[in-house]
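For the protein sequence lines, the chains are A and B, in the order given.
When we follow this note's numbering, the leftmost residue of the first sequence carries the number 1, and every step to the right adds one.
When we follow this note's numbering, the leftmost residue of the second sequence carries the number 1001, and every step to the right adds one.
Think of the CB as a built atom: it goes at the ideal place given N, C-alpha and C, for glycine as much as any other residue.
Structure record follows, encoded as structure tokens.
Protein chains: 2
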Amino acid sequence: MLLKVKKLDLTAGGKPIVVINKADLEELGSKIPPRVKIRYKEKNFIAIPNVSEEIVRKGEIGIYHELFKIIGAKSGEEVSVEIASYPESLNFIKKKLRGKKLEYEEFYEIVKDVLEEKLTEGEITGFVVGLHAYGLSLEEAAALSKAMVETGERLNLGEKIVLDKHSIGGGIGDKTSILLVPIIASLGYKIPKTSSRAITSPAGTADKVETLMRVNLNIEEMRSVVKKTNGCLVWGGSLHLAPADDIFIKIEYPLEIDPLLFPSIMAKKMAVGANKLVIDIPTGRGAKIKTIGDAQILAKDFIKLGGYLGIETRVAITHGEQPIGYSVGAGLEAREALEILMGLKNVEDQIDKVTSIASILLEMVGVEDGKRIALEVLKSGKAERKFREIIAEQGGNPHVKPEDIPFGRFTYDFISETDGNILWIDSGGIGSVARAAGSPTDKGAGVYLYKKVGDSVKKGEKILTIFSNSEAKLERAIKILNEEAVVGYGGRRKMLIGKVCEGEIEKKRFILDR
Amino acid sequence: MLLKVKKLDLTAGGKPIVVINKADLEELGSKIPPRVKIRYKEKNFIAIPNVSEEIVRKGEIGIYHELFKIIGAKSGEEVSVEIASYPESLNFIKKKLRGKKLEYEEFYEIVKDVLEEKLTEGEITGFVVGLHAYGLSLEEAAALSKAMVETGERLNLGEKIVLDKHSIGGGIGDKTSILLVPIIASLGYKIPKTSSRAITSPAGTADKVETLMRVNLNIEEMRSVVKKTNGCLVWGGSLHLAPADDIFIKIEYPLEIDPLLFPSIMAKKMAVGANKLVIDIPTGRGAKIKTIGDAQILAKDFIKLGGYLGIETRVAITHGEQPIGYSVGAGLEAREALEILMGLKNVEDQIDKVTSIASILLEMVGVEDGKRIALEVLKSGKAERKFREIIAEQGGNPHVKPEDIPFGRFTYDFISETDGNILWIDSGGIGSVARAAGSPTDKGAGVYLYKKVGDSVKKGEKILTIFSNSEAKLERAIKILNEEAVVGYGGRRKMLIGKVCEGEIEKKRFILDR
């Protein structure tokens, strides 16, 4: 059936929706079919049909903004419309739902159809939940990773050795990536680092870096920065590496399942051409992975999967009990990273972490004394110079000073009411406080710690300060700090952590940052 | 935020969609949230927001037809709009996805939120696939059945004993329900029978009955018919018994999974107040259940589940190798049922089946010699008189004659090319042929069999005739008949069933009729 295009002033968050007149749909033989196929200039598009009797007249097809742009037909032009049949990939989803393993070609068809919107939200959910419930073997994870890479952009640096690093579960206050990239790049190795923005954490690496330079580079810009400086610090979201992952994440998130963890991470590493990779697994009470045993199981799977995909992979199991460094929040963390690179501040745990991870990467390229070398590069100012080079290439101010990133105007000091020791600082709790204070949008929002676990504290001394540019948000952050027992201090033998009275404790949502 | 209602000339197959101006959504703090909550006159409604800049101006909320009717606000009236939080029931879905069992209250919340459109398509799919992958214990099936009954309409006959029957997998050519209701009702027992329409089969009982009387009764009309005649033959779809099932079916169907089989069937039986139930499981090559062993497992589960729900349940495992009786197709089957009731035609297998099932029901109410009694009621014309009573009460012509339901104008005779025997008649294949010929919409479309399995056939003799009122549809039906080796005949020792040459054999879709 030929219908005349009518551009509609409507959007639906990316869904490909068209509006067809009731009479035309009836002629097509269906009340409302799940999908219609639109053909324009030899190309096919799949769309979800809505129905109208007036907005769209007989002989017309109204097209939502997003799809209108994709199809590229002008208003008044004719397109061919028919009821779409079930895609072949649906059979592979059903195969998984019968508990069977899938092959590369089958994953490829599914991922392609996900991206081309040929599968409905329900069908894609069937796939994701099927992977969750029936599991994904490492062979399948490798096949799915490859399929996700094939259907997205690739960096193609043309280098023999490309290093990379990924942290699972986004450590609160962790500035490792910001520091690692200039260290490794200043030593002459390629490290095309992509990072995510915060999902539930107060700040992803991309959010932090954004206070210093542009992060939404396209793939050509990224390639140019890496060619010139050996490194980069960009947001993965604008690069279309393994783009199907964004669609899978939207399904996983409300259901709190994460079956695509491995393919999601590894596909993005493959897409930038990485072949030497360190995976950082923060482990402990405040981290996603609670025990070292769990971390080791995960580590072995990553190493094996890396092997299937031609990526030499090593894993760093790191301490994840408390925030790393002293600052938490997008701007505050960028500031602290800059202070470390400039040698203005000695942040022991953070420096130990980044040099340890650098040494594992360096070991993989045959450098024996990596930790000492990394520390030297940091101390000598070589890493700082490289960082400012990258800032300049990514459109930031290469002469930026720490004080250019100001703390929020409104503050709250958390004061010790007794002499004693800091017993715990819950990473997740500090993250919630920083997020409530306004991070990552408010670049001055966050938490500054004066004490770390084990430090002694005197009555009246400040333990931490919350910063925000909004009084209301500060209030909310204070409430969380006090209600959730985020920080514990006192005598070392005091055993009562808190009293639970009435009121339900709201379960917190958690998803791995990828 | 208060917004003025604007009725939109748009429908989306029942989805509750609203259109909000871009500026207002930004003020609500979200680009496109998955759900918004609309409040009007103390009532809350959940809707999926789309975005516009022109069709809906700032300060307005455009509402799709379906939701507009439900909310009941007039154009220009103000409603309150805010971003909806995740519903509590989502936690129970996540619990199932962690492999845990759910309780009645949890199922109830999920089913309620499904009906109130508080859960997205993806979230509901997560639930259905979770049930499929992690399984549903009989206790859970009972709890979910109850939840589905609680959220729908109920018949409330106020009778102590209510009989019912359900067939799984819809036997091709099966007229048992049409015959059973008048037999049982004429003996003084209540049998408020609801039936489905065809999903993939050529005709559901409701489609067949519709050629003789109205089937889309509402619950009050159904009650009145049963009060007057003891029985009824109505379409379940218009009664809102366990209405959530319709939503679950839409998710199960494309994924070809069926985890809600038990709750779906039992909830509808509970809703009409049945407490003595026979489940018919057609078994054999052409049926959903292929082996007697599988049928026995299913049977035990039904009986146990019935026990949990206060429904005494017995199971008839019946022969499902070939079509039942001689006619397949909505009108053709109604005609044959009428002929059997009028004593005009002796259809042995069909009469044996209905009297066997009647005898099991009668046994449950203490009648010993049920099969003989059922046959007598059939032979004496007592069942026919009852049937005509029901036809009259359901708005049909009580004096209807078989020839009032004519065969289709275009015909094709399938002629034997050799002497021999009928070796097989594949039920599924005959179903596809009848459906392709136009059943259930074309009441004259279908297949008439002159022979059944084991009958001898002479060269040149008719084995079957296809009827249709459309030449194009007849062609398509003939093609299926010949390509899919639906009927086999010849010498008893011939072993080659068919040759497979090039071309893929299309996998047929199957879903249980409920």
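The Cβ atoms of Gly444 (chain A) and Arg409 (chain A) sit closer than 9 Å to each other.
A residue is called buried once 16 or more other Cβ atoms fall within 10 Å of its Cβ, and Thr205 (chain A) is buried on that count. Between the stretch 291–298 of chain A and the stretch 246–260 of chain A, the count of C-beta pairs closer than 8 Å stays below three; the two stretches do not touch. Here Phe1092 (chain B) has Leu1102, Glu1106, Glu1109 and Ile1110 as same chain residues with Cβ atoms under 7 Å from its own Cβ, once five neighbours each way along the sequence are excluded. For Thr1318 (chain B), the beta-bridge partners assigned by DSSP are B:Pro1282. Counting every other CB atom within 10 Å of its CB across the protein chains shown gives Glu389 (chain A) a total of 16 or more, marking it as buried. With respect to the C-alpha of Asp1174 (chain B), the residue from B:Ile1303, B:Thr1411, B:Ile1281 and B:Glu1461 having the closest C-alpha is B:Ile1281. Legend: CB atoms of the stretch 265–293 of chain A lying less than 8 Å from CB atoms of chain B are not found in any residue. Per the coordinates, the alpha-carbon of Tyr1064 (chain B) lies some 24 Å from the alpha-carbon of Glu82 (chain A). According to the DSSP assignment, Val215 (chain A) belongs to no beta strand (DSSP E), since it is labelled neither H nor E.
Using a Cβ distance threshold of 9 Å, Leu1341 (chain B) and His1166 (chain B) do not count as a contacting pair. Under the 8 Å Cβ criterion, the stretch 1329–1345 of chain B does not count as touching the stretch 1299–1307 of chain B, having fewer than three qualifying pairs.
For the stretch 1454–1476 of chain B, the set of positions with a beta-carbon nearer than 7 Å to some beta-carbon of chain A is empty. Under the DSSP assignment, Ser52 (chain A) falls in the beta strand (DSSP E) whose first and last residues are Lys43 to Ser52. Contact between Leu115 (chain A) and Ala12 (chain A) is absent: CB atoms are separated by about 17 Å, not below the 8 Å threshold. Across the structure, Lys6 (chain A) and Ser75 (chain A) are spaced so that their CA atoms are roughly 5 Å apart. Taking the beta carbon of Val111 (chain A) as reference, no residue of chain B falls within 9 Å; the closest one sits roughly 17 Å away. Against chain B, the CB of Leu217 (chain A) has no partner CB under 9 Å away; the residue lies outside that interface. Look at the beta carbons and you see the stretch 1265–1279 of chain B touching the stretch 1154–1168 of chain B: at least three pairs across the two are nearer than 8 Å.
Three or more Cβ pairs closer than 8 Å define a contact, and the stretch 1362–1370 of chain B falls short of that threshold against the stretch 1228–1245 of chain B. Relative to Lys1146 (chain B), the option among B:Glu1117, B:Ile1124 and B:Leu1260 whose CA is nearest is B:Leu1260. One finds Leu1097, Gly1099, Val1129, Gly1130, His1132, Ala1133 and Tyr1134 in chain B with Cβ atoms closer than 9 Å to the Cβ of Ala133 (chain A), taken in chain order.
Val51 (chain A) reaches chain B at Leu1010, Thr1011, Ala1012, Gly1013 and His1065, counting residues in chain order whose Cβ is nearer than 9 Å. For Ser224 (chain A) against Gly320 (chain A), the beta-carbon gap comes to about 35 Å, at or over 8 Å, which does not count as contact. Within 10 angstroms of the beta-carbon of Lys1386 (chain B) lie 16 or more other beta-carbons, which makes it buried.
Non-local beta-carbon contacts of Ala73 (chain A) in its own chain, meaning distances under 7 Å to residues more than five positions away in sequence, involve Val5, Tyr40 and Val79 in chain order. Chain B places no beta carbon closer than 9 Å to that of Tyr448 (chain A), leaving this residue out of the contacts.
DSSP places Phe68 (chain A) in the helix class (H, G or I) of the three-state scheme.
Around the beta carbon of Ile1038 (chain B), 16 or more other beta carbons sit within 10 angstroms, so the residue counts as buried. Exclusion of the five residues before and after Ala1142 (chain B) leaves Leu1305, Tyr1308 and Leu1309 as the residues of its chain whose Cβ lies within less than 7 Å of its Cβ.
Partner residues in the beta bridge of Lys1190 (chain B), as assigned by DSSP, are B:Val1162. Cβ neighbours of Tyr450 (chain A) within its own chain (closer than 7 Å, five residues either side excluded): Lys462, Ile463 and Leu464. Per DSSP, the continuous alpha helix (DSSP H) segment holding Lys1094 (chain B) begins and ends at Ser1089 to Leu1097.
Cα atoms of Val1234 (chain B) and Arg1435 (chain B): separation of roughly 22 Å, rounded to the nearest angstrom. For Val19 (chain A), the chain B residues whose C-beta falls within less than 7 Å of its own C-beta are Leu1010, listed in chain order. Judged by DSSP in its simplified three-state form, Ser1177 (chain B) adopts helix.
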